[in-house]
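Input: a single structure, listed below in structure tokens.
Number of protein chains: 2
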Amino acid sequence: MTISKSPAAGNRPGCAQWLKTSNSISQQFLAFGGRPDVVSLAGGLPAAELYPLAAIQSATQRALERHGPAVLEYGAIEGFPALRRLIAARISAETGGHFTPENVLLTSGSMQGLDLIGKVLVDPGDLIVAQSPTYLGALDAWRPRAPLYSKLDWDLREPGFEDALARAKFVYSVPNYSNPTGVLVSQERRAALLDKVLTAGTWLVEDDPYRTIQLDGPPGHSILGHYVARHSRAYDGPVIYLGTVSKSLVPGLRVGWIVAEPGMIQALTLAKQATDLSSSMLTQAITLELLEQDFDSEHAKTIVPLYRERRDALCDEAALRLGEWFEWEVPVGGMFVWMRARNQAIDTDELYRFAVEEKVAFVPSSVFDFTGQDRFAMRVNFTRSSPEVITEGVRRLERAIATYVSSRAQLQGSNRPRDSLSPAAAAP
Amino acid sequence: MTISKSPAAGNRPGCAQWLKTSNSISQQFLAFGGRPDVVSLAGGLPAAELYPLAAIQSATQRALERHGPAVLEYGAIEGFPALRRLIAARISAETGGHFTPENVLLTSGSMQGLDLIGKVLVDPGDLIVAQSPTYLGALDAWRPRAPLYSKLDWDLREPGFEDALARAKFVYSVPNYSNPTGVLVSQERRAALLDKVLTAGTWLVEDDPYRTIQLDGPPGHSILGHYVARHSRAYDGPVIYLGTVSKSLVPGLRVGWIVAEPGMIQALTLAKQATDLSSSMLTQAITLELLEQDFDSEHAKTIVPLYRERRDALCDEAALRLGEWFEWEVPVGGMFVWMRARNQAIDTDELYRFAVEEKVAFVPSSVFDFTGQDRFAMRVNFTRSSPEVITEGVRRLERAIATYVSSRAQLQGSNRPRDSLSPAAAAP
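Here the protein sequences line up with chains A and B, keeping their order. Numbers 1 to 428, taken from full-length UniProt numbering, label the letters of the first sequence in order. Numbers 1 to 428, taken from full-length UniProt numbering, label the letters of the second sequence in order.
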């Protein structure tokens, strides 16, 4: 899934090393999924028909009238002051802690937060302990910094885990309805991980984009909240918390935030200065208008029931059609079902090619695995499309799997490996 | 001018190496310059009272009505398609070349373009040949990639220059009204540099934010234009050209673009995917509305005469009050006057402290010098403030210089170096 990475027309200098290990997965999925004849279960996109266009139109008008030229300037690097204050107040209310604007950096989506964290904390060869499988965007964001990875074992009992924590620059986790697995990490495991992180003296990056997509009740305390519950003073903890409006409102405003202790916010601000000087104050001011009215909570009342219906449509149809080959847990929130092959005869990198033929897209597990070894699962999105389209997508997936499995059987029958299948898949 | 860079509360892991050599200059200037009692001649900011608020309000309304939910999505990583097409058409018209959307990547301001170029081309220890003094933002953007620098000598006769070019990943240049010097590079020198770059087989980054601020007539062909004039086919040249609306319209939309050969655009797109997934489609669609109507050309008719007046106010007042200590060329465009001390008795890092006391800000030359050695000049902005405020700023500068020079004289008289002055400044 890598692409040619030599822009060196003629004999001009080639690209930086990290690009040789990069890929255009996200780009390909955005492009392929955008084709009208394709059922895309690949992206992590909200339902576009539910975007609150009218609310954003009026918020935009209010923001321009209220702030005038101030939102057309380069902003403070840290972000639009009133929105920083609002985020600090919200996090304080959510956690019971004492957060001030000095704990908040506004970013261009959470994705920029990940980029900045990599810039601030990672030198080549530094260790990141990451939940595995890992959000593709995080792997993308940190690749230019050339880190090493060690697996976050949520049982916290793996030999060497504490040693890895002690050596790590930070732990990366998406405890609420994780990307890609949809898993909701239990409160006990959050508390236990925090204990280990505090003992090891490292940082913990808590990425929380799906918090508002609660399909079966609230997710409980964030890990940040666990820390705050134990330490009542002004926040100086190890948790670096990422939030965003990309899932709760719309992605196109590109507004996210990092909450962390003030020294870390200062370092991240230096990195942001070096990255884009400042985000758009206009989109931050529009976001302020919406969050001041708790419009995201209102909007959740509209979208969550529809997302629940879509999740059920996906899981019901998949139970009928895909259960022979795949198994999964029904997620209690978020945007994804993580389907694991019942045996390793199904390689989802290979299956993807058959799915493209059937005009249906998913994301194969290999792209979420920092070792690149896990080729036996797929991430299936249920938020983007209507139940009818999702159902059609599952039917196409069923046909793709059937064709793939039958072509493999023929191949094994003929006992002649072909170039188009990898050695691993062609083995018995 | 460095700040403490250890966010490691307790004994948590410290920051990446590059942060130890970073600084918060831009952040400090934005903050200090934002104080109402300060006359800031420091930033590179347009005049806020000239921002076309009404035009942007109506462009925003039109963009939301025209495109609806499409501008609330994650965009194509490369940017809003219609704006890519428009930029390609504009560059084709300006240069007489054949540019397509595949030659264009939209960015969050030119600053993000610099960050992406660093990510794509620079590994630690790679060489950049940069005009010196160099735009501070470029040095900031590339610091996380740990490059080495060699000076771009515009005479192109320096011994070893061709060898440096052959080893360099790219050349960095701001030929139109450079930041910080305001210099307009002659057409002959542009053509000669292009020759050398083509011979060496390296890339050339042409950063062109000030193009529309033509105070004394047009600047002539870009280096990109020189290349196109010699090669009529689809663009595959070595010039990586950066444009922006930050100076021609407003900075707060955060819309810029990179024009380059398609392979380089693909690599930069991968880097952008890893940086923020996509910029805001909303601000790109607003920009499209304005550029489709050539509003930037219209707007230039308003702002350029006012900027000319401000430049003249600065240079006239400075001639009266600062000529004893500083000398400068009157710039024919852009935003800055580069004032060099007549002798090295004036250290502008030290002068800055006296200027802060007098509530006036400029940018000392040391921050534009990749060696950090040039402490004998200052960048003075004339676009941000009214002629009256600029004049007052120059008066304050005069007082700051007088106080500084007299304190130095006292110090030398007493022959006792103090900690607060550097050894170099305390020397005879």
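Cβ atoms here follow ideal geometry from the backbone N, Cα and C, with glycine treated the same way.
Minimum Cβ-Cβ distance from residue i to chain B less than 8 Å
i, result
"residue 84 of chain A", "no"
"residue 149 of chain A", "no"
"residue 410 of chain A", "no"
"residue 125 of chain A", "no"
"residue 20 of chain A", "no"
"residue 202 of chain A", "yes"
"residue 119 of chain A", "yes"
"residue 156 of chain A", "no"
"residue 140 of chain A", "yes"
Buried or exposed by the 16-neighbour rule on C-beta atoms within 10 Å, applied to residue i
i, result
"residue 232 of chain B", "exposed"
"residue 350 of chain A", "buried"
"residue 42 of chain B", "buried"
"residue 422 of chain B", "Residue placement at residue 422 of chain B is flagged as unreliable, the pLDDT there being 36, under the threshold of 50; the coordinate-derived value follows with that caveat. Counting Cβ neighbours within 10 Å, residue 422 of chain B comes out exposed, since fewer than 16 surround it."
"residue 419 of chain A", "A caution first: residue 419 of chain A carries a pLDDT of 39, below 50, which makes its placement in the model unreliable, though a value can still be read off. That one is exposed."
"residue 416 of chain A", "Residue placement at residue 416 of chain A is flagged as unreliable, the pLDDT there being 49, under the threshold of 50; a coordinate-derived value is accordingly withheld."
"residue 238 of chain A", "buried"
"residue 207 of chain A", "buried"
"residue 301 of chain B", "exposed"
"residue 369 of chain A", "buried"
"residue 313 of chain B", "buried"
"residue 103 of chain A", "buried"
"residue 225 of chain B", "buried"
"residue 284 of chain A", "buried"
"residue 292 of chain A", "exposed"
Helix, strand or coil at residue i according to DSSP, with G and I counted as helix
i, result
"residue 255 of chain A", "coil"
"residue 99 of chain A", "coil"
"residue 364 of chain B", "strand"
"residue 340 of chain A", "strand"
"residue 19 of chain A", "helix"
"residue 117 of chain B", "helix"
"residue 24 of chain A", "coil"
"residue 327 of chain B", "strand"
"residue 35 of chain A", "coil"
"residue 2 of chain B", "Here residue 2 of chain B scores only 36 on pLDDT, less than 50, and its place in the model should not be relied on; the value that follows carries that caveat. Three-state DSSP puts residue 2 of chain B in coil, outside helix and strand."
"residue 318 of chain A", "helix"
"residue 394 of chain B", "helix"
"residue 202 of chain B", "coil"
"residue 12 of chain A", "coil"
Within-8 Å CB hit, residue i to chain A
i, result
"residue 111 of chain B", "yes"
"residue 244 of chain B", "no"
"residue 169 of chain B", "yes"
"residue 307 of chain B", "no"
"residue 175 of chain B", "no"
"residue 90 of chain B", "no"
"residue 115 of chain B", "yes"
"residue 16 of chain B", "yes"
"residue 205 of chain B", "no"
"residue 386 of chain B", "no"
"residue 104 of chain B", "no"
Within chain B, partners of residue i - CB distance below 7 Å
i, result
"residue 335 of chain A", "In chain order: nothing, as chain B lies at least about 13 Å away."
"residue 342 of chain A", "Residues of chain B passing the Cβ test: none, with the nearest at roughly 33 Å."
Where residue i meets chain A, residues with beta-carbon distance less than 9 Å
i, result
"residue 137 of chain B", "273, 274 and 277"
"residue 11 of chain B", "201"
"residue 51 of chain B", "68, 69, 72 and 73"
"residue 60 of chain B", "57, 60, 61, 64 and 282"
"residue 360 of chain B", "Simply none; closest approach about 20 Å."
Partners in chain A for residue i, counting only beta-carbon separations shorter than 7 Å
i, result
"residue 153 of chain B", "Under the 7 Å cutoff, chain A gives no residues; its nearest Cβ is about 20 Å from residue 153 of chain B."
"residue 143 of chain B", "274"
"residue 250 of chain B", "72"
"residue 238 of chain B", "12"
Under 9 Å from the C-beta of residue i: neighbouring residues of chain B
i, result
"residue 56 of chain A", "64, 72 and 282"
"residue 178 of chain A", "Ordered by position in chain B, no residue passes the 9 Å Cβ test against residue 178 of chain A, which lies about 18 Å from the chain."
Per-residue contacts from residue i into chain B (C-beta, under 8 Å)
i, result
"residue 122 of chain A", "16"
_Closer than 7 Å between beta carbons: that is the criterion. Which residues of the region 365 to 384 of chain A meet it against chain B?_
Of all residues in the region 365 to 384 of chain A, none is placed with a Cβ closer than 7 Å to any Cβ belonging to chain B.
*Return the residues of the region 253 to 272 of chain A that lie within a Cβ-Cβ distance of less than 7 Å from chain B, sorted by chain order.*
Against chain B - using a Cβ distance shorter than 7 Å - the residues of the region 253 to 272 of chain A are 253, 254, 261, 263, 264, 266, 267, 269 and 270.
*What residues in the region 284 to 295 of chain A bring their beta carbon closer than 7 Å to a beta carbon of chain B?*
Of all residues in the region 284 to 295 of chain A, none has a C-beta nearer than 7 Å to a C-beta of chain B.
*With 7 Å as the limit, tell me which residues of the region 35 to 48 of chain B have their beta carbon closer than that to any beta carbon of chain A; keep them in chain order.*
Going along the region 35 to 48 of chain B in chain order, one finds 45 and 48 with a Cβ nearer than 7 Å to chain A.
*Using a Cβ-Cβ cut-off of less than 9 Å, list which residues of the region 222 to 233 of chain A approach chain B; keep chain order.*
Those residues of the region 222 to 233 of chain A that come within reach of chain B (Cβ to Cβ, closer than 9 Å) do not exist; the list is empty.
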